[in-house]
Amino acid sequence: MGKVLPTLQKRHDALASGAAQQTVLAQVPLVRSFPDSLAEVGLLPLTATGIEVLQINVGKKCNQTCHHCHVDAGPDRTEMMPDDVVDATLDVLASTDIPTLDITGGAPELHKRFDEMVIRARELDRKVMDRCNLTITQLPNYRYLPEFLAEHQVEVVASLPYFKEGQTDAQRGDGVFQQSIQALKDFNAAGYGDPASGLVLNLVTNPVGAFLPGDQEAMEVRWRRELRLRFGIEFNHLFTITNLPISRFLEYLRESGNLEAYMTRLVNAFNPTAAANVMCRNTLSVGWDGVLYDCDFNQMLELPVHPEAPQTIHDFHTELLEGREIAIGPHCFGCTAGAGSSCGGAVT
Amino acid sequence: MSDHYYDSADLKKFGEIGEEAPELAEAFFGWYGKVFEAGALTAREKALIALAVSHAVQCPYCIEAWSDGCLEKGADAEEMTEAVHVAAAIRGGASLVHGVQMRNHLKRLGM
Chain A
50 MGKVLPTLQK
60 RHDALASGAA
70 QQTVLAQVPL
80 VRSFPDSLAE
90 VGLLPLTATG
100 IEVLQINVGK
110 KCNQTCHHCH
120 VDAGPDRTEM
130 MPDDVVDATL
140 DVLASTDIPT
150 LDITGGAPEL
160 HKRFDEMVIR
170 ARELDRKVMD
180 RCNLTITQLP
190 NYRYLPEFLA
200 EHQVEVVASL
210 PYFKEGQTDA
220 QRGDGVFQQS
230 IQALKDFNAA
240 GYGDPASGLV
250 LNLVTNPVGA
260 FLPGDQEAME
270 VRWRRELRLR
280 FGIEFNHLFT
290 ITNLPISRFL
300 EYLRESGNLE
310 AYMTRLVNAF
320 NPTAAANVMC
330 RNTLSVGWDG
340 VLYDCDFNQM
350 LELPVHPEAP
360 QTIHDFHTEL
370 LEGREIAIGP
380 HCFGCTAGAG
390 SSCGGAVT
Chain B
12 MSDHYYDSAD
22 LKKFGEIGEE
32 APELAEAFFG
42 WYGKVFEAGA
52 LTAREKALIA
62 LAVSHAVQCP
72 YCIEAWSDGC
82 LEKGADAEEM
92 TEAVHVAAAI
102 RGGASLVHGV
112 QMRNHLKRLG
122 M
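Those protein sequence lines, which keep their order, are chains A and B.
Numbering follows the working numbering, with no gaps: position 65 of the first sequence is 114.
Numbering follows the working numbering, with no gaps: position 51 of the second sequence is 62.
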């Protein structure tokens with residue numbers, strides 16, 4: 050791959066701090082606040098409806114430095130989930146009936162206990178999702194991943210912003226597109242994307258710029274045709290995800306002069322149905338250090354779960370977490386705009 | 012008064028056109044919205060047509076709005092540029108084909 054960009058943290062940029070990002074977002078003038086928008090449709094306070102997905106961010110290390118990354122992940126990051134947090138997370142999974150373990154990062158496969166987490170969660174008969182950047186599977190020590198993930202019937206959620214090279218490399222770095230296409234072919238060879246295999250390969254696309262994603266259903270039809278014609282690649286579903294104004298995408302918005310216009314675009318596209326279905330209502334997010342959050346975005350803004358709820362995975366308590374009040378901010382407009390946005394794509 | 016006729020911020024005032032004729036505005040905006048819904052053509056294809064026509068009628072408001080519209084319907088810069096070329100080709104061709112009128116006139120006057 051081409052040049053790897055330093056992360057915000059490596060550059061000692063103020064936006065490496067979640068608190069600094071919250072300050073920047075709070076200063077953007079908006080026609081109405083997120084709490085006011087929720088109140089207008091009877092959703093304030095926003096509360097969780099249960100815990101159906103335990104999403105664990107196992108570390109910020111990644112082999113890529115995508116321009117839009119809300120994690121500020123990259124090769125220079127060293128945060129990795131320590132053993133006691135991994136053990137506590139697996140214990141929570143074993144002691145509850147949470148049906149899904151969603152593993153993310155960084156590149157989660159770089160965690161030394163990634164394979165073990167997959168195997169143990171699958172032994173508990175839980176659905177396991179791997180949020181894969183695709184290029185990781187092209188590194189010498191990680192070429193086993195498609196076969197390994199297939200063996201354990203892990204659902205792969207793979208990032209690919211577009212079916213053309215220019216747009217993909219503009220967002221994710223030079224050379225990423227070609228490696229991603231090869232990775233998708235490798236997943237297909239392992240049985241992924243074939244409806245008869247039961248092995249699910251879903252693709253995720255984020256807009257390459259300061260605009261909202263297109264209609265998920267229409268885009269999926271087009272992507273299926275284009276990826277099949279151009280590369281012979283098959284996949285199950287396409288998820289459209291809105292870029293949230295966090296970390297490096299926030300930096301891009303500010304430096305390109307798009308921040309206020311983008312936030313206004315999100316506010317104007319507020320959709321009450323999407324607000325009722327936001328993913329934080331049925332997800333619990335675990336940080337690399339074991340701190341609990343309502344979602345991966347709040348995690349990067351260092352906005353933990355409500356103070357009256359347990360704060361770390363070591364203190365996990367289903368009853369105290371499943372109906373918790375969710376921490377919100379202006380960034381939440383990203384998940385409620387248009388058809389809505391979640392780690393599983395549109396929510397309406 | 013601004014020192015130029017077209018201001019991007021004015022686009023937001025478009026809805027105010029209904030203040031003096033609300034029924035007409037309601038009819039227009041309702042019809043306008045229906046036109047761009049997916050039908051026999053996809054919403055993306057309609058956005059690309061709208062972008063091309065925006066250039067043909069040289070409306071800065073429309074060009075900005077439909078550049079956004081194309082991106083948000085999943086079109087890319089390559090497709091949008093080709094759409095603009097279609098508009099340019101029709102505009103250029105429309106001028107050139109009137110050369111037939113010129114040639115007819117020349118034939119009438121010439122020996």
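Yeah, the Cβ is synthetic: ideal placement off N, Cα and C, and Gly gets one too.
Euclidean distance between Cα positions of residue i and residue j
i: residue 172 of chain A; j: residue 150 of chain A; result: 12 Å
i: residue 374 of chain A; j: residue 101 of chain B; result: 58 Å
i: residue 306 of chain A; j: residue 324 of chain A; result: 27 Å
i: residue 390 of chain A; j: residue 333 of chain A; result: 16 Å
i: residue 308 of chain A; j: residue 387 of chain A; result: 18 Å
i: residue 14 of chain A; j: residue 60 of chain A; result: For chain A, the structure presents residues 50 to 397; residue 14 of chain A sits outside this window and is missing.
i: residue 200 of chain A; j: residue 240 of chain A; result: 10 Å
i: residue 84 of chain A; j: residue 94 of chain A; result: 8 Å
i: residue 203 of chain A; j: residue 251 of chain A; result: 11 Å
i: residue 107 of chain A; j: residue 86 of chain B; result: 35 Å
i: residue 363 of chain A; j: residue 141 of chain A; result: 9 Å
i: residue 73 of chain B; j: residue 73 of chain A; result: 32 Å
i: residue 110 of chain B; j: residue 121 of chain B; result: 16 Å
i: residue 345 of chain A; j: residue 55 of chain B; result: 31 Å
i: residue 357 of chain A; j: residue 340 of chain A; result: 14 Å
i: residue 166 of chain A; j: residue 258 of chain A; result: 35 Å
i: residue 242 of chain A; j: residue 190 of chain A; result: 24 Å
i: residue 89 of chain B; j: residue 372 of chain A; result: 48 Å
i: residue 96 of chain A; j: residue 70 of chain B; result: 46 Å
i: residue 225 of chain A; j: residue 152 of chain A; result: 21 Å
i: residue 304 of chain A; j: residue 108 of chain B; result: 47 Å
i: residue 348 of chain A; j: residue 218 of chain A; result: 27 Å
Expected contact under 8 Å - CB spacing of residue i and residue j to nearest Å
i: residue 116 of chain A; j: residue 293 of chain A; result: Residue 116 of chain A to residue 293 of chain A, Cβ: 14 Å. No contact.
i: residue 198 of chain A; j: residue 179 of chain A; result: 6 Å
i: residue 70 of chain A; j: residue 64 of chain A; result: 6 Å
i: residue 89 of chain A; j: residue 109 of chain A; result: With a Cβ gap of about 36 Å, residue 89 of chain A and residue 109 of chain A do not count as contacting.
i: residue 54 of chain A; j: residue 98 of chain A; result: Not really, about 39 Å apart at Cβ, beyond 8 Å.
i: residue 212 of chain A; j: residue 126 of chain A; result: Wrong, their Cβ atoms sit about 29 Å apart, outside the cutoff.
i: residue 139 of chain A; j: residue 175 of chain A; result: Not quite, the Cβ-Cβ distance comes to about 10 Å (not below 8 Å), so this is no contact.
i: residue 289 of chain A; j: residue 395 of chain A; result: 6 Å
i: residue 316 of chain A; j: residue 81 of chain A; result: 7 Å
i: residue 338 of chain A; j: residue 134 of chain A; result: 7 Å
Status (buried if at least 16 other CB within 10 Å, exposed otherwise) for residue i
i: residue 100 of chain A; result: buried
i: residue 117 of chain B; result: exposed
i: residue 66 of chain B; result: buried
i: residue 56 of chain A; result: buried
i: residue 155 of chain A; result: buried
i: residue 86 of chain A; result: buried
i: residue 354 of chain A; result: buried
i: residue 58 of chain A; result: buried
i: residue 121 of chain A; result: buried
i: residue 284 of chain A; result: buried
i: residue 206 of chain A; result: buried
i: residue 193 of chain A; result: exposed
i: residue 92 of chain B; result: exposed
Closer than 6 Å: residue i CB and nearest the ligand ZN heavy atom
i: residue 70 of chain B; result: Among the ligands in the structure shown, none appear at all, so the ligand ZN cannot be discussed.
Can you list the beta strand (DSSP E) stretches of 3 or more residues lying completely in the region 34 to 119 of chain B, in chain order? Those beta strand (DSSP E) runs which fall completely within the region 34 to 119 of chain B and span 3+ residues do not exist here.
Three or more C-beta pairs under 8 Å: does that hold for the region 292 to 300 of chain A against the region 377 to 394 of chain A? Judged by Cβ distances under 8 Å, the region 292 to 300 of chain A makes contact with the region 377 to 394 of chain A, as three or more pairs qualify.
Does the region 180 to 187 of chain A touch the region 218 to 232 of chain A, meaning 3 or more C-beta pairs lie closer than 8 Å? Yes: the two stretches touch, three or more of their Cβ pairs being nearer than 8 Å.
Counting pairs of beta carbons, one from the region 66 to 86 of chain B and one from the region 246 to 265 of chain A, are three or more of them closer than 8 Å? Yes, the region 66 to 86 of chain B is in contact with the region 246 to 265 of chain A.
For the pair the region 16 to 24 of chain B and the region 310 to 325 of chain A, tell me if three or more CB-CB distances fall below 8 Å. Taking a cut-off of 8 Å on C-beta distances, the region 16 to 24 of chain B does not touch the region 310 to 325 of chain A, as fewer than three cross pairs fall below it.
Are the region 42 to 58 of chain B and the region 265 to 276 of chain A in contact at 8 Å, needing three or more beta carbon pairs? Contact between the region 42 to 58 of chain B and the region 265 to 276 of chain A is present, because at least three Cβ pairs lie under 8 Å.
Taking only runs that begin and end inside the region 257 to 305 of chain A, name each unbroken beta strand (DSSP E) of 3 or more residues, in chain order. With a minimum length of 3 residues, the continuous beta strand (DSSP E) runs that stay inside the region 257 to 305 of chain A are 287 to 289.
Could you tell me which whole alpha helix (DSSP H) segments of length 4 or greater appear in the region 95 to 142 of chain A? The qualifying runs do not exist here; there are none.
For the structure I just gave you, are there three or more beta carbon pairs, one from the region 327 to 342 of chain A and one from the region 30 to 46 of chain B, closer than 8 Å? These segments do not touch.
Flag this pair as touching only if the region 120 to 139 of chain A and the region 158 to 166 of chain A have three or more C-beta atom pairs under 8 Å; answer yes or no. The region 120 to 139 of chain A, when compared against the region 158 to 166 of chain A, does touch it at the 8 Å Cβ threshold.
Runs of alpha helix (DSSP H) lying entirely within the region 157 to 227 of chain A, each at least 4 residues, in chain order: Counting only runs of 4 or more, we get 163 to 172, 194 to 200, 214 to 221.
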